[in-house]
Structure formats: C-alpha cells, structure tokens
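Novice: In my numbering, the protein residues as written are 195 to 431. This structure is in structure tokens; I'll ask about it shortly.
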C-alpha cells in the first residue's frame, strides 16, 4: 500500500464531500489526502464489494441505483452546495473517468506515466479507473481546461475520457482501492494563451463586453496617471 503523497500545492487542498448523489446540500469540506486515505483503506470496502456483487449478478439497474447511495467528492474544489454557482474555493484538479476498460492494468500503468496525473484509483464497479488531472487554469476557464485535458489525453496517449465530467461540480463516487496511486512529482498542464475575445467567454456577463481591459498608454501617460492618483490619495488623508 503506497503512502498518500501529493504535490505540495495540494498538500492541504480540500474537496467537498457529499452524503450521496441525491443530497446536494450535504457539503462538508474534507482534506483531499484524508479522502484518498479512506478510499485506500477498508472504510468503503463493504459498500463497494456489495455493488460489485450486484453488478456481477447482472443487476445493472439495481447497481446504478445503489451506487447513488455512495458518498462522493468534487475534485475541483469546495462548494456551499453541489451546483456550479456555489463554488467556494477552486482546486485545479479535473476528473478523468475511464469506463469499461478491458485492459485495466495496462491503462493504469499508462496513466501513472503521465506527468499531469495526480492520483488514480479503481472505480466502484471494478471495471474502470478514476484519475485526477492537474490543469493550470482559473475556475472561469474550467471548461477550457477540461477540453485541454481531453485533447491531450487523446492525442498524446490515445485515451478517451467520459465527457460528462466536464461539469465544475461533478461528483465522483468514493471507492475501495488499496492500490490507489499518487504522484507527488506531478506537474500542471498549461493552457495555451487565450485571446481576449476567447477568454471573455468564460468571464462573468458583466465583463463580456470588454474588448481591451487595459488600454495601451505611453510611459509618460502612465507616470501622469500615477501622479494624479498620488495627489488624490494625499488629498483624502
């Protein structure tokens, strides 16, 4: 069993934990390393093994319903409640789901070699993998970050992910995986420089009409504006 070791930037990161998939108002902030430790331990073992038994018996509908009773976390931050407008603090981690993977261990090893993957664990079904991918972006650009991750994984590694995870407040169910893997040396994927017009798509409505946020000015104009600002401050004190 590997010790939980995360990159320094995520050492004290928190995610929101929810009681289950149908209780969006049960958010509790929990340290990410504690959540991963619980997945690696036997805390959820009985629940996950029961789900696996149900799925193996061919009871897919019952499995889907029972899975909704599992606790879940939001990779991308803490929330007041589970919806995109209730973000409290953003975390630059993106959920990458790989469902119904035939060559599970081969894909797991491939993910472990990708420098932007922070952790990987087996999904509750035992048939897929869940990974956290680090993208260096602001929460306003979350969808752009997801698209960058998707493109990178497909073009660089031939991996396809579940696109429903694009949602900022996407819930990830806990699991049981003693072989959960973490990468303390992970590095972020950098987003390509966005043009002002493109980045405005992800900014609040108030700012969308702004074409050039900071007008160009000469050094002399800058100095003059600074002098005016200093005079104003002096007059108010």
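For every residue, glycine included, the Cβ atom is placed at its ideal position computed from N, Cα and C. It should be emphasised that the depicted structure is a prediction, and the values quoted were computed from it without experimental measurement.
Below 8 Å on the Cβ atoms is my contact criterion, and I expect residue 204 with residue 312 to pass it. Report the Cβ-Cβ distance as a whole number of Å.
Specialist: Here the question's residue 204 lines up with position 10 in the chain shown. Here the question's residue 312 lines up with position 118 in the chain shown. Indeed, because the Cβ distance is near 7 Å, the residues count as touching under 8 Å.
Novice: Just to confirm, is the Cβ distance from residue 225 to residue 208 under 8 Å?
Specialist: Along the chain shown, one-based indexing puts residue 225 at 31. Along the chain shown, one-based indexing puts residue 208 at 14. Result yes, Cβ atoms of residue 225 and residue 208 sit closer than 8 Å.
Novice: What would DSSP say about residue 400, mapped onto helix, strand or coil?
Specialist: Stepping through the chain shown from its first residue, residue 400 is reached at position 206. Confidence in residue 400 is poor, its pLDDT being 35 and thus under 50, which makes the residue's placement too unreliable to answer from.
Novice: What are the residues that DSSP puts in a beta bridge with residue 325?
Specialist: Position 131 of the chain shown, counting from 1, holds the residue named residue 325. Its beta-bridge partners are 290, 314.
Novice: Report yes or no: do the region 241-250 and the region 260-279 share at least 3 C-beta pairs separated by less than 8 Å?
Specialist: Output reads yes: the region 260-279 touches the region 241-250.
Novice: Need the endpoints of the alpha helix (DSSP H) that residue 250 sits in, please.
Specialist: Sequence index remark: in the chain shown, residue 250 carries index 56 (1-based). 239-250 is the extent of the alpha helix (DSSP H) around residue 250.
Novice: With H, G and I counted as helix, E and B as strand and the rest as coil, what does DSSP make of residue 343?
Specialist: On the chain shown, position 149 is the one that residue 343 refers to. DSSP places residue 343 in helix when its eight states are reduced to three.
Novice: DSSP beta-bridge partners for residue 236?
Specialist: Along the chain shown, one-based indexing puts residue 236 at 42. Answer by DSSP bridge pairing: none, since residue 236 is not bridged.
Novice: Could you tell me the alpha carbon to alpha carbon distance between residue 370 and residue 240, rounded to whole angstroms?
Specialist: Locating residue 370 in the chain shown gives position 176, where the first residue counts as 1. Locating residue 240 in the chain shown gives position 46, where the first residue counts as 1. Each residue's Cα considered, the two are about 9 Å apart.
Novice: Could you round the C-beta distance between residue 327 and residue 343 to whole angstroms and report it? I think they count as a contact, below 8 Å.
Specialist: For the purposes of this step, residue 327 is taken as residue 133 along the chain shown, with counting starting at 1. For the purposes of this step, residue 343 is taken as residue 149 along the chain shown, with counting starting at 1. Their Cβ separation, rounded to whole angstroms, is 5 Å, which keeps residue 327 and residue 343 in contact under 8 Å.
Novice: Go ahead and label residue 195 buried or exposed: buried means 16 or more other beta carbons lie within 10 angstroms of its beta carbon, across all protein chains shown.
Specialist: The residue you call residue 195 lines up with position 1 of the chain shown. Exposed, because fewer than 16 other Cβ atoms sit within 10 Å of the Cβ of residue 195.
Novice: Given that a residue counts as buried once 16 or more other Cβ atoms are within 10 Å of its Cβ, and exposed if not, what is residue 377?
Specialist: Translated into the one-based positions of the chain shown, residue 377 becomes position 183. So residue 377 counts as buried.
Novice: Within 10 Å of its beta-carbon, does residue 227 have 16 or more other beta-carbons around it, so buried, or fewer, so exposed?
Specialist: Counting from one through the chain shown, the residue named residue 227 turns up at place 33. Flag for residue 227 reads buried.
Novice: Whole angstroms is fine: what's the gap from residue 329's alpha carbon to residue 361's?
Specialist: On the chain shown, residue 329 is found 135 positions in, with the first residue counted as 1. On the chain shown, residue 361 is found 167 positions in, with the first residue counted as 1. Distance between the alpha carbons of residue 329 and residue 361: 15 Å.
Novice: Could you tell me the alpha carbon to alpha carbon distance between residue 201 and residue 380, rounded to whole angstroms?
Specialist: By one-based count along the chain shown, residue 201 stands at place 7. By one-based count along the chain shown, residue 380 stands at place 186. Each residue's alpha carbon lies about 6 Å from the other.
Novice: Just how far apart, CA to CA, sit residue 365 and residue 355?
Specialist: What you label residue 365 is simply residue 171 of the chain shown in a count that begins at 1. What you label residue 355 is simply residue 161 of the chain shown in a count that begins at 1. Taking the straight line joining both Cα atoms gives about 15 Å.
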